[in-house]
Amino acid sequence: MSTVPAETGARIDALLAPWKGARRDSLIPILQDVQEACGFLPKEAIVKIGRHLDLPASKIYGVATFYNQFRFQPPGRYQVMVCRGTACHVKGSAAVLEAICHDLKIRPGQTTRDGLFSIEVVACIGACGLAPVISINGEFFAGVTPDGVAAILDGFRRKEVASA
């Protein structure tokens with residue numbers, strides 16, 4: 003089991019404090035609180051939540067993996083959201099997703115080794131008229147093609163180098 007910094011463990015304890023006496027029906031809101039505070043669900047959080055609710059960690063993990071809103075790795079500095087809604091699907095978002103995965107050498111739900119990028123697949127971004135659409139940290143890119151993916155990602159890489 004990986005160790006998280008002491009401040010993260012203390013933060014998890016502080017997040018659980020208001021949930022004193024909570025039961026199983028509070029699990030999802032607790033998971034949401036922890037993820038909001040930490041950016042993801044560290045293994046230590048799963049264990050502490052299990053102890054707090056008197057549930058096995060395997061049950062906590064089972065619930066958290068059922069919902070795609072929960073992450074188990076820290077998100078990258080640049081969070082790439084790929085829309086897979088109907089309009090985006092019809093316009094080729096599967097190929098766009100594959101191009102992103104190929105370029106970054108990760109799959110959805112993962113973060114690059116350098117911590118720069120993570121990929122998340124979403125059901126709909128709500129910009130159907132611009133399909134296929136991706137969003138990187140809230141910046142939208144419309145009409146994305148597999149051939150255009152590298153240029154978009156390289157723009158963020160250049161930003162990173164310029165700010166270093």
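Using our numbering, you'd call the opening residue of the sequence shown number 3 and step up by one each time. Note that CB positions come from ideal geometry on N, CA and C, so glycine has one too.
Starting from residue i, trace the beta strand (DSSP E) in both directions and tell me its first and last residue.
i                 : result
valine 84         : 80-85
phenylalanine 119 : 119-124
phenylalanine 143 : 141-143
isoleucine 138    : 136-138
Which residue's Cα is closest to the Cα of residue i: the options?
i          : options                         : result
glycine 87 : Gln81, Ala133, Tyr69 and Gly157 : Ala133
lysine 61  : Gly140, Asp27, His91 and Pro76  : Asp27
From residue i to residue j, what does the alpha carbon distance come to, in whole angstroms?
i             : j           : result
aspartate 156 : alanine 164 : 12 Å
threonine 5   : valine 124  : Unreliable positioning characterises threonine 5 in this predicted model, as indicated by a pLDDT of 46, which lies under 50. A coordinate reading is not provided.
Please return the same chain residues whose Cβ sits closer than 7 Å to the Cβ of residue i, not counting the five positions on each side in sequence.
i                : result
phenylalanine 72 : Leu33, Gln37, Leu43 and Ala66
isoleucine 14    : Val36, Glu46, Ala47 and Lys50
alanine 97       : Pro148
proline 110      : Ile121, Glu122 and Val123
Once you ignore the five residues that flank residue i on each side, which residues in its own chain have a CB closer than 6 Å to its CB?
i              : result
isoleucine 138 : Tyr80 and Val82
leucine 18     : His54
Name the two residues that bound the continuous alpha helix (DSSP H) containing residue i.
i            : result
tyrosine 63  : 59-68
glutamine 34 : 29-40
threonine 88 : 88-92
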